[in-house]
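Novice: Residue numbering for the sequence shown follows our numbering, starting at 221 and increasing by one per position.
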Amino acid sequence: MFKRFFLLLAMCFCVAGNALAEVKVAVVDFQKALNDVNEAAGVRKKLESMYGERKVAIEKMQSALEAKKVDLDKQSVILSDSARKAKEEDFMKAQLEFQQTYSRYESEMQQAYYAAMQDFIEKMKKIAVAIGQERGYTVVLEATEGGVVYWSDSIDITDELIKRYNAANPAVAPKK
Numbered sequence: 221m222f223k224r225f226f227l228l229l230a231m232c233f234c235v236a237g238n239a240l241a242e243v244k245v246a247v248v249d250f251q252k253a254l255n256d257v258n259e260a261a262g263v264r265k266k267l268e269s270m271y272g273e274r275k276v277a278i279e280k281m282q283s284a285l286e287a288k289k290v291d292l293d294k295q296s297v298i299l300s301d302s303a304r305k306a307k308e309e310d311f312m313k314a315q316l317e318f319q320q321t322y323s324r325y326e327s328e329m330q331q332a333y334y335a336a337m338q339d340f341i342e343k344m345k346k347i348a349v350a351i352g353q354e355r356g357y358t359v360v361l362e363a364t365e366g367g368v369v370y371w372s373d374s375i376d377i378t379d380e381l382i383k384r385y386n387a388a389n390p391a392v393a394p395k396k
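(1) Rounding to the nearest angstrom, what Cα-Cα distance links arginine 407 and tyrosine 333 in this structure?
(2) Quick one: give me the first and last residue of the alpha helix (DSSP H) that alanine 363 is part of.
(3) Below 7 Å CB to CB, which residues in the same chain sit around isoleucine 375 once its five sequence neighbours on both sides are set aside?
(4) When the Cα of arginine 324 is compared with those of Asp293, Glu286, Ala260, Arg274, which residue comes out closest?
(5) Under the three-state reduction of DSSP, which class applies to phenylalanine 225: helix, strand or coil?
(6) Using the Cα positions of lysine 383 and lysine 346, report the straight-line distance between them to the nearest angstrom.
(7) Give the straight-line distance between the Cα atoms of serine 327 and valine 243, rounded to the nearest whole angstrom.
(8) Have a look at glutamine 315 and lysine 289 and give me their C-alpha separation to the nearest angstrom.
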């Protein structure tokens, strides 16, 4: 009875060992790939130039707000209570408008950036799947999102992904 049990147990370990030996794992770092693919650099430059105008507008608003604050501080001693209150309310409105505009611009920029980067991620996922299938990987893990703490360079397919992405999606020189 015990012989059969141990024989069965030994067979289970052998089968489990063979199944584990067949698992091939690869790791890809999409964040690194986003930083290194040529096409993404062009899109980042385009977004930065688009929002450069907004940065100038924000800086002008901030300068005007600071000037109002200096003016309010200087005149607060000589103004009547009602005039001082009116200037303080005007300053508060300008400050609120500045904060809302800044938040809106910041939000729009982030949304545009993430929407553009999401297109790259989708293309990269397809390439990672192709590499995984070609090389017979059982699983391909995303390094930054997947909670991978350590991996050997031998299972990192990020550089291969970047090469294939750049070959399949040549970057167009940005218009001046």
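Here a beta-carbon is modelled for each residue, glycine too, at the ideal position from N, C-alpha and C.
Specialist: Taking the definition as stated:
(1) A question about residue 407 goes unanswered here, because the residues of the chain that appear run from 221 up to 396.
(2) Counting from 1 along the sequence shown, the entry for residue 363 is found at position 143. That residue, alanine 363, is in no alpha helix (DSSP H); it is neither H nor E in DSSP.
(3) For the purposes of this step, residue 375 is taken as residue 155 along the sequence shown, with counting starting at 1. Close CB contacts of isoleucine 375 within its chain, under the 7 Å cut and outside five residues either way in sequence, are with Val245, Ala246, Val247 (chain order).
(4) Taking the sequence shown and counting its residues from 1, one reaches residue 324 at position 104. Selected option, being the one with the closest Cα: Arg274.
(5) On the sequence shown, residue 225 is found 5 positions in, with the first residue counted as 1. Residue confidence is low: phenylalanine 225 scores 42 on pLDDT, short of 50, so the model does not pin down where it sits. Its coordinate-derived value is still stated next. In this structure, phenylalanine 225 counts as helix in the three-state DSSP scheme.
(6) On the sequence shown, position 163 is the one that residue 383 refers to. On the sequence shown, position 126 is the one that residue 346 refers to. Distance between the alpha carbons of lysine 383 and lysine 346 is about 14 Å.
(7) Mapped onto the sequence shown, residue 327 falls at position 107. Mapped onto the sequence shown, residue 243 falls at position 23. Each residue's CA atom was taken as its position, placing serine 327 and valine 243 some 43 Å apart.
(8) Start at 1 with the first residue of the sequence shown, and residue 315 comes out as number 95. Start at 1 with the first residue of the sequence shown, and residue 289 comes out as number 69. Glutamine 315 and lysine 289: Cα-Cα distance of roughly 10 Å.
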